[in-house]
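Be aware that the sequence shown starts at 1, since it is given in the UniProt record's numbering, and climbs by one per residue.
Below you'll find the structure, written out as structure tokens, and then a few comments.
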Amino acid sequence: MLEKLFEVPIRGSPWKNAVLWTVVAGGVAWAVSRQLKLQELKSLENNKVASRPRTSNSKQKRKVKILYGSQTGKGKGFSKLLQQKITSLGYEAEVIDLSSYDHEKDFQLEANESNICIIVISTYTDGQPPESAQWFYTWLKDVAEDFRVTKSTLAGLQFAVVGLGNSLYGENFNAVAKKMDDWLHTLSANRILTPCLADENVINSEHKGLQEDFEAWLESSLLNLKRAIEGRKVTAKGCESTCEKPCGCKTKKEGGAEGDGTAGKCSSDEDSGPEDEVQ
Ligand SMILES: Cc1cc2nc3c(=O)[nH]c(=O)nc-3n(C[C@H](O)[C@H](O)[C@H](O)COP(=O)(O)O)c2cc1C
């Protein structure tokens, strides 16, 4: 057959045969190696596509952690309500008792991952936190007030504070929530929602009760909470700077209506728009 192919006699001179076989073998080897090279290039290209970083249009949903410190269980109950609301919107949220939260390790991670932490916290005698949140409270205070700690420590963290208290305690009303909101802001965490300072003193309470205050705040916060979870940059000022009653900002945003998530929104709520990206 080779005789026919190359039109040369392969019988006869042995060195001629050797040359012929070498040429044939070389050709086959070249063809095989070229094929392999092609396959290698293709698979490299595929890997590159798979590991290509997300384009600027893709947004990653943020994780939501609800961290609560509670003595008689109200904070835990509101945390669960908040979780249910978030779940009903199609997102996930984890509820964590601050007493079992490894803040020294995990809080920094939350910041690095740009997670959302909603802190639900009550205040007790002399403006102190409930026992279960004492460690977290002291640690956050120390970090925020220590001049050696860089103030950008918690940059990336998205946070909101829900305070439970009683205005009968005067200047200590929701003192823990107010301080935590301030410390987190000092450490460059991004406040996504105006703080809720719920008041169980029915006479003074904006919405006539602790739960009512909480629910009004939740209603007014939903729009920005959804935006923040979707990865958009949402920033709110501390409520005290713009609202007379932090948990009861009654002024509706222009065009806002009950039920559409904008009712009761503070004028301090800001949204930097859809172009913003997760860091
Ligand atoms: C002994 C005691 C002291 C309290 N001190 C304060 C206080 O200083 N400031 C405040 O805003 N609320 C104070 N409160 C009200 C609680 O913060 C409020 O009842 C809250 O809803 C409790 O939430 P929890 O069950 O999640 O701990 C105090 C309540 C009790 C029983």
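Cβ coordinates follow ideal geometry from the N, Cα and C atoms, glycine included.
Any non-hydrogen atom of ligand 1 closer than 8 Å to residue i Cβ
i    : result
Y169 : yes
K74  : yes
A175 : yes
D126 : yes
G165 : yes
S205 : no
E200 : yes
Q83  : no
P195 : no
K70  : It should be pointed out that residue 70 corresponds to Ser in this sequence rather than to Lys. Because some heavy atom of ligand 1 lies under 8 Å away, the Cβ of S70 counts as near it: yes.
T123 : yes
L98  : no
L210 : yes
N190 : no
N172 : yes
Residue i to residue j span [Cα, whole Å]
i    : j    : result
D199 : K74  : 12 Å
S79  : Q71  : 13 Å
S100 : Y68  : 10 Å
E92  : Q60  : 13 Å
K233 : G156 : 11 Å
L225 : P195 : 12 Å
I118 : E230 : 16 Å
P129 : F159 : 18 Å
A189 : Y169 : 29 Å
A144 : T125 : 23 Å
N174 : G90  : 31 Å
A133 : K151 : 22 Å
K179 : D146 : 15 Å
E131 : K141 : 15 Å
V202 : K76  : 21 Å
N112 : D106 : 10 Å
C-beta contact flag for residue i and residue j at 9 Å
i           : j    : result
V120        : V64  : no
A216        : L193 : no
L197        : D182 : no
V95         : Y137 : no
W139        : H185 : no
L187        : V149 : yes
L164        : L218 : no
residue 281 : L223 : The structure shown has nothing for residue 281, since the chain only spans 1 to 279.
S114        : R191 : no
G127        : N172 : yes
The beta strand (DSSP E) enclosing residue i, as first and last residue numbers
i    : result
V162 : Q158 to G165
Residue-level contact to chain C via CB, residue i, 9 Å cutoff
i    : result
A236 : Within the model displayed, chain C is absent; a lone protein chain is all it includes.
Minimum length 4: unbroken alpha helix (DSSP H) runs contained in the UniProt domain "Flavodoxin-like" (64-222): Listed in chain order, they are 74-88, 103-112, 134-145 and 175-186.
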